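For reference, the structure is listed below as structure tokens.
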Amino acid sequence: MQLNNDHQYNVGLRVKKTKNWPFLFIVFLLVLAIVYSRLITHSMIIGKYYFKYHECTAMGDLPNRDDMLTLLDENKYRSPYWGNGEYRIEYEFFRTV
-18 MQLNNDHQYN VGLRVKKTKN WPFLFIVFLL VLAIVYSRLI THSMIIGKYY
32 FKYHECTAMG DLPNRDDMLT LLDENKYRSP YWGNGEYRIE YEFFRTV
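Next comes the structure, spelled out in structure tokens:
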């Protein structure tokens, strides 16, 4: 009687299932969340922004009264304090300015 040793040989060639898939899935979701949070488009920021002077304790180049900044299409802005002008969005690797 001849024994078939092919069974032992084929067992060694099986691909092992990895138990790292939950970790890889979490890393993928984290990377996706970071990329999504850095993505800012013009349509996402167009609107009116209110600055309340009495609520701000920061020092610096800020309006000395309440102000309303209006961001418009085509990279334009309007503000009673700052006047009219243009803004730009710069995309960097880890942030959007």
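For the sequence shown, counting from 1, position 56 maps to 37 in this note's numbering; every step adds exactly one. Ideal placement from N, C-alpha and C gives every residue a C-beta, glycine not left out. Keep in mind it's a predicted model, so treat the numbers as computed, not measured.
{"Query": "Boundaries (first-last residue) of the alpha helix (DSSP H) holding Leu5", "Result": "Trp2 to Arg19"}
{"Query": "Reference Thr51, options Asn45, Pro44 and Arg59, closest by Cα", "Result": "Arg59"}
{"Query": "Nearest residue (CA-CA) to Arg69, options Thr22, Tyr30, Leu11 and Asn45", "Result": "Thr22"}
{"Query": "Residues that Asp54 bridges to, as DSSP identifies them", "Result": "Asp54 pairs with nothing; no bridge assigned."}
{"Query": "Sequence-distant residues of its chain with Cβ nearer than 8 Å to Asp54 (five each side left out)", "Result": "His23 and Ile27"}
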